[in-house]
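Using my numbering, the first residue of the sequence shown is number 1, and each one after it goes up by one.
Glycine is no exception: its CB is placed at the ideal position from the N, C-alpha and C atoms.
All values reported here derive from a predicted model rather than from experimental measurement.
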Amino acid sequence: MFSYLETKRFYFYAALGSLAVIFGTTAIYTMYAMNPHIFFALFAIVFSPIIWLITSYLYFQEEKKNDWETRMITSAVWVLIYLVLHFLIYGAFTGYIILDTVSLSFLQFQWVSLVSIVLGGFVAHQYPLKK
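#1: Buried or exposed: His86, going by 16 or more other Cβ atoms within 10 Å of its Cβ?
#2: Which parts of the segment 38-85 are runs of the alpha helix (DSSP H), unbroken and 4 residues or longer, counting only runs that do not cross its ends?
#3: Which residue's Cα is closest to the Cα of Ala138: Ile81, Gln126 and Gly95?
#4: Using C-beta distances below 8 Å, list every residue in its chain close to Pro49, excluding the 5 sequence neighbours before and after it, in chain order.
#5: If Gly17 sits next to Ile51, beta carbons under 8 Å apart, how far is it from one beta carbon to the other, in whole angstroms?
#6: Are the beta-carbon atoms belonging to Val118 and Arg71 less than 8 Å from one another?
#7: Since I believe Gln108 is in contact with Val79 (beta carbons under 8 Å), could you give me their beta-carbon distance rounded to a whole number of angstroms?
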């Protein structure tokens, strides 16, 4: 039933999107800390959804099963993988434990990632790349 969850490609795109979001937002927040300009603050807000949208669009281009159920499950699993990688990477770099890196606003913002992944799958279904 969920055979796509067993593919390396599924986890490759999940890791690719997660690492791009983690290191990209870290770089943007570092730039914002060095130069507190409104551009960096706004870019930090839209960066994560844009990366997830692009990653899911590219993933669902080649996915044989691209229905609502697949998109929903993919988005949930990818966000869980992102959260695990986020906690592991930030814990390793900052020395904080997982509970110190979790905030309610951080977890609430993950709905934007879920919607972006589902939307990327929908757009890939509606507008496939021409080969």
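The structure says:
#1: buried
#2: 38-62
#3: The structure shown does not extend to residue 138, since the chain is modelled only from 1 through 131, so no value can be given for it.
#4: Val112, Ser113, Val115 and Ser116
#5: 6 Å
#6: yes
#7: So it is not a contact: roughly 12 Å between Cβ atoms.
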